[in-house]
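To start, the structure itself, in C-alpha cells.
Numbering (the numbering used here), first residue to last: 22 to 708.
Okay, here's the thing in C-alpha cells:
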C-alpha cells in the first residue's frame, strides 16, 4: 500500500494522525478492514466481571481479599455446573461414546489452542496416562481388564490431548497458528484420527480457527453418516453464548451443523477480562475429566470386582450428575486455604519486586498443573517466556523443574511420553496457499520453531535449577504422588546454600479418602534440611468422594495457582482494575483485545477531561501496530504494547489540549513515564 493509499484510508476511517508517528501501517489497515471476524470484544468472555472491577486496588492493599474476589468468580463455574447436571444428556452420550471407544480400541482425541490446548494435554498426560500406569502395577487387576479391551497394549495411546502447535506450544504460543483451520486439520491427521474415533474440539471463546478446523475435518471424515450417528462421536466444547458467536462465520458453521454435538459451558466474564485460562478452562477441564472418569468406571465395572475397583480409587458409583456436583467441595477447598495461600502471594510478589526469581518444583501429575500456570503467565502479563538452554542471562522471572536428572527425562516426566514436534513437511505446502501475507509470514516463522528439535532448547531437569540469594523456591508435594527424597534433598540443599527463600505447598486428601505418604511428614523436611523460616502451606483437598483419576486434585491446584499468579501480577501493576493491560498481542484475537483495552482506558480518561472527539477503533489499532513495531526493535524493554500505547495517546492528547507546537509524544517518552509509575498510577492523573 502506497503512502497515498494509507492517507486515504486514514481519512475514510477517521484516523487522527496526530496520535501517530506516520500514516497507519499497511498491517493495521489490513487488520481493521479485513480481520473484522477476529475483532471479538463483543464476546462475553471479553467483558469485565462486576465482582473484580477493583481487583488491582484490592490486590495491593490485601492479597487475601483479592484472592477472595477471584474465588467469588469461580462460583460462576458451580452455577453453570448445576445447570449442566440438571440436563446431562449430552455428557452421558459423550461418556458412552468414550466407553465404547476404549473397549473397541478406538482413539479419543481432545484438541484445543492455548489454555484449552494445555487442558487437553492435562487430560492425556496428567490424568489418562498416570491412571493406566497405576493399573499396570497390579498384575491381577490388569489381567482382568485386558480381556475387556480390543487393543490392551495400546491403552495408554488411546487418549490423545493435543494443542495447536504441538508440545512446543506448551511453553509459549506459536504466532499465526491459532488463526489457521488447516493447522488443526493437519495435526488431527498426523495422529491417524479416523471415522469412528471420538473427537472433542475445545475452544474457550468458541471461535478459535485451528480448533474449528479439527471438528469440521472430523465431520468430513464421516459425511456419509446420518447426523444423528455422527454427533455421537463429534463434540464442540465452548464458553460463550450462541447468540454472540453466530455473527462469526467460522463459529456459525459449527453451531448450525446438526452432525456435531454442542456442549456450551459458558460461565460469563472471567476474573480478568479475557483471561480464559481461569474460569472457562477450569470448567471445561473439570467437566471433560468427569466424563472420562464416568466412562472408565462404567467400563471397568464390567470386568472388576468391587474390591479391585476400590483399589483403583472407584470407591462408590455416583451418577454423572453427582460427579459434576462434587465441584462445590473444590470451591470450599480454595476458600478454606485462602488466607494461608495469600502469604505465598505476598512473598512471591515481593521476590519479583526486588528483582529476584522463582523456581517451582513438582513431580507427577501436579507438575502439569504447575507448568501450565507458569507458562500462561507470559502472554497474560507480558512476561518473558521460559528461558531456553542457550541463554546466558536469565530473562524469565520463573523456572519450572522436576526430579529428573536429565533433559529428555524431564520432558517425559511432564508428558508421560517422549516429546512430539510438528513435521514441517506436513504443513509447508498448505502455508503457500495462505492469502493473508502477514498471517503467512507469522505461520512460516512459527513452523520453524515447532519441530522435534525444540525439546533440546528447554531443560526442566533438577540440574537446570539456578537460585541465588533472595530468590524463591516453591515445592509442590502431594499425598498421591511420592516425591523422590534424594531429589528434594538436593533442591533444598541448593536453596539453603544460596540463601533462597523456600515455600512448600502440601496437597493432602482427607484422611478417609487416601493413605498418607511420607511426603507430608516432618521427617522428610528434616532430612532435606528445610530451615525453620520456610513457608509451609498444608492444603486439604476435599474431593467430596473418590478421585480415581486425580481430576479434582488437578482442578484444586489449578484454581489456587491461577488466582495466586493473577494476584501476584496484579500487585506488581500488571492489571488495571480487572483489565488485562499487559496482554501480548500475538494473534488476531489478542490484537483485537489489545485494541479494545487501549480504546477503553483512553476514552475513559478523555471523557473525564472533556477531550473530544474520543479515539476510534481504527485510530487505536494504528497506534497499537506502531507500539508492536517499536517494541520489536526494543525487545529488552519490559512494558507492554497496551501500556505504551495508552500513555503515548494520552500524553499526546494533553499536549494537544495545551496547543503545544510539538504535540506527538514519542515512544521513548512513553517508556520513560512507565519507568517511573505504573499504568494505574498514571491513569489517575492523566489529562
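Every residue gets a Cβ at the ideal spot worked out from N, C-alpha and C, and that includes glycine.
In the DSSP assignment, residue 589 falls within the unbroken alpha helix (DSSP H) covering 572 to 592.
Cβ contact annotation for residue 686 (same chain, cutoff 6 Å, sequence separation greater than five): 669, 672 and 673, in chain order. Taking C-beta atoms as the reference points, residue 642 and residue 53 count as a pair closer than 8 Å. For the pair residue 464 and residue 187, the Cα-to-Cα distance works out to about 14 Å. By the C-beta density criterion, residue 606 is buried, having at least 16 other C-beta atoms within 10 angstroms. For residue 130, the pairing in a beta bridge is given by DSSP as 181 and 220.
Taking the CA atoms as reference points, residue 203 sits about 7 Å from residue 231. By the C-beta criterion, the stretch 306 to 324 is judged to be in contact with the stretch 119 to 135, since at least 3 inter-stretch pairs fall below 8 Å. Buried is the label assigned to residue 431, since at least 16 other Cβ atoms lie within 10 Å of its Cβ. The alpha-carbon separation between residue 699 and residue 56 amounts to approximately 32 Å. Taking residue 295 as reference, the option from 380, 68, 693 and 692 with the minimal CA-CA separation is 68. Around the beta carbon of residue 655, fewer than 16 other beta carbons lie within 10 angstroms, which makes this residue exposed. Apart from sequence neighbours up to five positions away, the residues of its chain that approach residue 80 with a beta-carbon distance below 6 Å are 87, 588, 591 and 592, ordered along the chain. Beta-bridge pairing by DSSP links residue 283 to 257. Taking a 10 Å sphere around the C-beta of residue 422, we find 16 or more other C-beta atoms and assign the residue as buried. Taking all protein chains in view, the Cβ of residue 701 is crowded by 16 or more other Cβ atoms within 10 Å, so the residue is classified as buried.
Sequence-distant partners of residue 578 (beyond 5 residues in either direction) whose C-beta falls short of 7 Å from its own C-beta, in its chain, are 387, 390 and 528.
Runs of the alpha helix (DSSP H) lying entirely within the stretch 33 to 96, each at least 4 residues long, are 47 to 55 and 76 to 82 in chain order. Pairing residue 620 with residue 636 gives a Cβ-Cβ distance under 8 Å. If you look at residue 646, you'll find it in the alpha helix (DSSP H) that goes 638 to 653. DSSP places residue 614 outside any beta strand (DSSP E); the residue lies instead in the alpha helix (DSSP H), whose first and last residues are 609 to 629.
Taking a cut-off of 8 Å for Cβ pairs, the stretch 448 to 461 and the stretch 339 to 357 do not touch, as fewer than three such pairs fall below it.
Cβ neighbours of residue 66 within its own chain (closer than 7 Å, five residues either side excluded): 225, 226, 260, 261, 290, 291, 295, 297 and 301. DSSP, read as helix, strand or coil, puts residue 482 in coil. With fewer than 16 other beta carbons inside 10 angstroms of its own, residue 634 counts as exposed. Restricted to the stretch 416 to 443, the alpha helix (DSSP H) segments that are unbroken, complete and at least 4 residues in length are 428 to 436, listed in chain order. Excluding the 5 residues flanking it on each side, residue 280 has same chain C-beta neighbours closer than 7 Å at 240, 248, 251, 252 and 255, in chain order.
Residue 611 and residue 321 have their C-alpha atoms some 44 Å from each other. Note that the stretch 515 to 529 touches the stretch 553 to 563; at least 3 beta-carbon pairs, one per stretch, sit closer than 8 Å. About 4 Å separates the beta carbon of residue 223 from that of residue 133, a gap short enough to meet the 8 Å contact definition. Beta-bridge partners of residue 214 (DSSP): none assigned. The Cβ atoms of residue 269 and residue 236 lie no closer than 8 Å to each other. Per DSSP, residue 497 lies in no alpha helix (DSSP H) segment; the continuous beta strand (DSSP E) that holds it begins and ends at 493 to 499. With three or more CB-CB distances shorter than 8 Å, the stretch 92 to 103 counts as touching the stretch 351 to 371. In this structure, residue 184 lies near residue 138, with their beta-carbon atoms less than 8 Å apart.
Burial of residue 408 is indicated by the presence of at least 16 other C-beta atoms within 10 angstroms of its C-beta.
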